[in-house]
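Reading through the structure tokens given below for one structure.
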Amino acid sequence: MREGFDNVEWLARTRAEGDVEAWLAMIPYARRIGVSAVSDPQGEGLLFRLDPREGNVGNVLLPALHGGVVAAFMETAATLDLMLATRAPRLPRIVDISIDYLRTARVAPTLARCSLLREGRRMGNVHVCAWQESEAVPVATARLHFVLGDPAKPGA
Amino acid sequence: MTHGQTPSDADWRRALTRFVTVIPHTRELGLEVLEVTPEGTTMRLPWCDDLLGDSARELVHGGVLAMLLDTVCGSAVLPALPAPEVCPTLDLRVDHFRPAVAGRAIFAEARVVRVTESVVFTEGTLWQETGRPLARGIGNFVRLGPRNTPQGFAEALFAEENDHA
Numbered sequence: 001m002r003e004g005f006d007n008v009e010w011l012a013r014t015r016a017e018g019d020v021e022a023w024l025a026m027i028p029y030a031r032r033i034g035v036s037a038v039s040d041p042q043g044e045g046l047l048f049r050l051d052p053r054e055g056n057v058g059n060v061l062l063p064a065l066h067g068g069v070v071a072a073f074m075e076t077a078a079t080l081d082l083m084l085a086t087r088a089p090r091l092p093r094i095v096d097i098s099i100d101y102l103r104t105a106r107v108a109p110t111l112a113r114c115s116l117l118r119e120g121r122r123m124g125n126v127h128v129c130a131w132q133e134s135e136a137v138p139v140a141t142a143r144l145h146f147v148l149g150d151p152a153k154p155g156a
Numbered sequence: 001m002t003h004g005q006t007p008s009d010a011d012w013r014r015a016l017t018r019f020v021t022v023i024p025h026t027r028e029l030g031l032e033v034l035e036v037t038p039e040g041t042t043m044r045l046p047w048c049d050d051l052l053g054d055s056a057r058e059l060v061h062g063g064v065l066a067m068l069l070d071t072v073c074g075s076a077v078l079p080a081l082p083a084p085e086v087c088p089t090l091d092l093r094v095d096h097f098r099p100a101v102a103g104r105a106i107f108a109e110a111r112v113v114r115v116t117e118s119v120v121f122t123e124g125t126l127w128q129e130t131g132r133p134l135a136r137g138i139g140n141f142v143r144l145g146p147r148n149t150p151q152g153f154a155e156a157l158f159a160e161e162n163d164h165a
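In order, the protein sequences belong to chains A and B. Using UniProt numbering, you'd call the opening residue of the first sequence number 1 and step up by one each time. Using UniProt numbering, you'd call the opening residue of the second sequence number 1 and step up by one each time.
Structure below.
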């Protein structure tokens, strides 16, 4: 069986098993920047982590992580979280993202937690909060809209 | 460029090339500055397989587009200021019109809409094929001012090619 988001059986199985690792393996850019997922010690969902690697630096003077890399991390987190949280298997396709940079993201581990604020029949709205030392001191927040594609339909 | 002169478009192209080459993330991806004019800044991201967000369907990660827009909008800010200042991103909005596909370079263009005392407002566009935009970005950047800009920032941008001072 060919693995991939466009394979309905593979998607349903990996989702039932909560195999986010299998999903990340299909997302080269997320691997390049060092995104991983762990089960949330405080709840049922996931916590996402961005590895503080040299290649993610966007400002060498401070130094600080690239704001665009932080956005890519938060988009990955929102997509994976949504794929697990929906009522049925869905293939999210991003419509828009709006990100607020609240503080300088240092070259340190960055964590993110997502909330699915609305799951409609066609659209989903996800909120993401990212922080470093303390969740009470976020470095960035984002909100995203996704089209919730039906994996059984080609071109979803 | 000799001291005291206004940088030409070619000076700015070299300065922004230096800017994106010093940034580890964009240097490693091979981002190029194609053109800098008063109307805008244009860049080109060459294809590499790490840009994928979906290996099976061969689609580019949406985050690559956000990263590119942040970079091109943030770079376009510099020539629009009276003197180079460090300007972190305040916020960024990206609208995804269609997915970017594997195997093709991505072009990025940004322009400054307005400069105030404290903020620079920008907008940017991405495409792989002319006339078919992939995404639109709106980025606002905070002016830290000369006081919070590290000494030598402007000099570093305009240093001569073989001058490692």
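Glycine is no exception: its CB is placed at the ideal position from the N, C-alpha and C atoms. Here the structure is a predicted model, which is why all the values come from computation and not from measurement.
Through-space distance from residue j to residue i, alpha-carbon basis
i	j	result
A:Asp-19	B:Gly-103	29 angstroms
B:Pro-79	A:Glu-119	43 angstroms
B:Gly-137	B:Asp-95	6 angstroms
A:Ala-25	A:Arg-2	13 angstroms
A:Asp-6	B:Val-119	43 angstroms
A:Asn-59	A:His-66	7 angstroms
B:Thr-122	A:Arg-121	34 angstroms
B:Asp-54	A:Arg-113	22 angstroms
B:Arg-44	B:Leu-69	11 angstroms
B:Phe-107	B:Gly-124	11 angstroms
A:Thr-110	A:Arg-32	15 angstroms
residue 158 of chain A	A:Leu-50	It is not possible to answer for residue 158 of chain A, since the shown part of chain A is limited to 1 through 156.
B:Asp-50	B:Leu-31	14 angstroms
B:Gln-5	A:Pro-28	45 angstroms
A:Ala-105	A:Ser-115	21 angstroms
A:Ala-78	B:Ser-8	43 angstroms
B:Gly-145	B:Trp-12	20 angstroms
A:Arg-90	B:Phe-141	35 angstroms
residue 169 of chain B	A:Leu-80	Only positions 1 to 165 of chain B appear in this structure, which leaves residue 169 of chain B out of reach.
Extent of the continuous beta strand (DSSP E) run through residue i
i	result
A:Ala-140	138-149
B:Trp-127	119-129
B:Glu-32	32-37
A:Gly-120	It is not in any beta strand (DSSP E) - A:Gly-120 carries neither H nor E in the DSSP assignment.
B:Arg-147	B:Arg-147 -> not in any beta strand (DSSP E); alpha helix (DSSP H) instead, spanning 145-148.
B:Glu-109	106-115
B:Arg-93	89-96
B:Leu-52	52-54
A:Thr-14	That residue, A:Thr-14, is in no beta strand (DSSP E); its alpha helix (DSSP H) goes 8-16.
B:Val-86	Run containing B:Val-86: none; DSSP gives neither H nor E here.
A:Ile-94	91-101
Outcome for residue i when other beta-carbon atoms lying within 10 angstroms are tallied against a minimum of 16
i	result
A:Leu-82	buried
A:Ala-9	It should be pointed out that residue 9 of chain A corresponds to Glu in this sequence rather than to Ala. A:Glu-9 comes out exposed.
B:Val-113	exposed
A:Glu-133	exposed
A:Val-137	exposed
B:Ala-105	exposed
B:His-164	In this prediction, B:His-164 scores a pLDDT of 48, lower than 50, which makes its location untrustworthy; the coordinate-derived value is nonetheless stated afterwards. Exposed is the call here.
A:Leu-61	exposed
B:Ser-75	buried
A:Asn-56	buried
A:Leu-117	exposed
B:Leu-34	exposed
B:Arg-147	exposed
A:Ile-94	buried
B:Arg-27	exposed
B:Pro-38	exposed
B:Gly-152	exposed
A:Met-123	exposed
A:Pro-151	buried
B:Pro-40	The identity of residue 40 of chain B in the sequence shown is Gly, whereas the question assumes Pro. It is buried - the Cβ of B:Gly-40 has at least 16 other Cβ atoms within 10 Å.
B:Pro-46	exposed
B:Thr-130	exposed
B:Ala-10	exposed
Whole-Å CB distance - residue i paired with residue j, under 8 angstroms assumed
i	j	result
A:Val-69	B:His-25	6 angstroms
A:Glu-75	B:Gly-62	5 angstroms
B:Thr-71	B:Val-20	7 angstroms
A:Leu-148	A:Thr-86	7 angstroms
A:Ile-97	A:Ala-142	6 angstroms
B:Leu-59	B:Leu-52	7 angstroms
B:Pro-84	B:Ala-154	4 angstroms
B:Met-67	A:Ala-37	At roughly 20 angstroms, the Cβ-Cβ gap does not stay under 8 angstroms, so B:Met-67 and A:Ala-37 are not in contact.
B:Thr-149	B:Val-86	5 angstroms
Element boundaries [alpha helix (DSSP H), containing residue i]
i	result
B:Ala-76	62-77
A:Glu-75	67-85
A:Val-38	Looking at the DSSP string, A:Val-38 is not in any alpha helix (DSSP H); the run it does join, the beta strand (DSSP E), is 35-39.
residue 229 of chain B	Look at the range of chain B in this structure, 1 to 165, and you will see that residue 229 of chain B is not part of it.
A:Leu-24	20-24
B:Phe-153	153-157
Relative to chain A, which residues along the region 43-57 of chain B have a C-beta separation below 8 angstroms, given in chain order? Asp-49, Asp-50, Leu-51, Leu-52, Gly-53, Asp-54, Ser-55, Ala-56 and Arg-57
Relative to chain A, which residues along the region 88-122 of chain B have a C-beta separation below 8 angstroms, given in chain order? Pro-88, Thr-89, Leu-90, Asp-91, Leu-92, Arg-93, Val-94, Asp-95, His-96 and Pro-99
Given a limit of 8 angstroms on CB to CB distance, which residues of the region 129-156 of chain B reach chain A? Pro-150 and Phe-153
Name, going along the chain, the residues of the region 17-35 of chain B whose beta-carbon falls closer than 7 angstroms to a beta-carbon of chain A. Val-22, Ile-23, Pro-24, His-25 and Glu-28
Mind checking the region 16-39 of chain A against chain B and listing, in chain order, the residues whose C-beta falls within less than 9 angstroms of any C-beta there? Ala-25, Met-26, Ile-27, Pro-28, Tyr-29, Ala-30, Arg-31, Arg-32 and Ile-33
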